[in-house]
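Here is the structure we will look at, set down as structure tokens.
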Amino acid sequence: MEEGAGQSGGVHFGCTVGTIGGDVTGGDKTVTIIHAPPPAHEAAFAPVAAAIRTAKPEDQPAAEAKLVELKAEVAKGSKADDGVMAKLVDGLVKQVPGAASAVWQAFGRPVLHGVAGPVTQNVLKSLGQG
Numbered sequence: 207m208e209e210g211a212g213q214s215g216g217v218h219f220g221c222t223v224g225t226i227g228g229d230v231t232g233g234d235k236t237v238t239i240i241h242a243p244p245p246a247h248e249a250a251f252a253p254v255a256a257a258i259r260t261a262k263p264e265d266q267p268a269a270e271a272k273l274v275e276l277k278a279e280v281a282k283g284s285k286a287d288d289g290v291m292a293k294l295v296d297g298l299v300k301q302v303p304g305a306a307s308a309v310w311q312a313f314g315r316p317v318l319h320g321v322a323g324p325v326t327q328n329v330l331k332s333l334g335q336g
């Protein structure tokens with residue numbers, strides 16, 4: 207039998223092949239990577255991240271960690287835990303008082319306003335921004 211006879215495509219190895227890991231292509235391989243836009247709430251928190259960067263260097267890591275946790279909670283949408291969000295907002299502003307205005311503005315945006323429950327709203331009111 208002629209080498210490759212009866213083969214309708216794919217890759218032909220002219221010998222016995224055991225195990226192959228990864229991709230095997232018979233020609234050019236095209237890989238398309240799609241970068242999804244960041245969630246809408248990311249843009250709302252950009253000013254908060256900027257405020258954190260202006261804080262004392264020793265306060266920045268803890269504040270950034272709180273912001274990451276807050277973003278993760280907000281990303282849950284209607285399933286977000288209002289008490290957790292309120293605690294994170296409060297802790298963030300206590301860590302970086304200069305972020306109070308940015309936090310207030312972030313939750314004033316429609317994308318976040320609907321996620322903030324009554325406990326978070328009370329914390330936001332206590333910031334003295336409204």
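Here this note's numbering is used: the first residue of the sequence shown is 207, the next is one more, and so on. We put the beta carbon where it would ideally sit given N, CA and C, even for glycine. Just so we're clear, the structure is a prediction, and the values are computed from it rather than from any experiment.
Here K262 carries a coil assignment [DSSP, helix/strand/coil]. For the options R315, K300, S307, the alpha carbon positioned closest to that of E248 is the one of R315. In the three-state DSSP reduction, A305 falls in the helix class (H, G or I).
In terms of Cβ geometry, L333 and A306 form a close pair [threshold 8 Å].
Burial state of V274 is exposed, judged by a 10 Å Cβ sphere holding fewer than 16 other Cβ atoms. The residue among L318, A252, P263 with its C-alpha nearest the C-alpha of E279 is L318. Here A312 is buried: its Cβ has 16 or more other Cβ atoms, across all protein chains shown, within 10 Å. Of the residues assessed, K285 falls on the exposed side of the cut-off, its CB having fewer than 16 other CB atoms within 10 angstroms.
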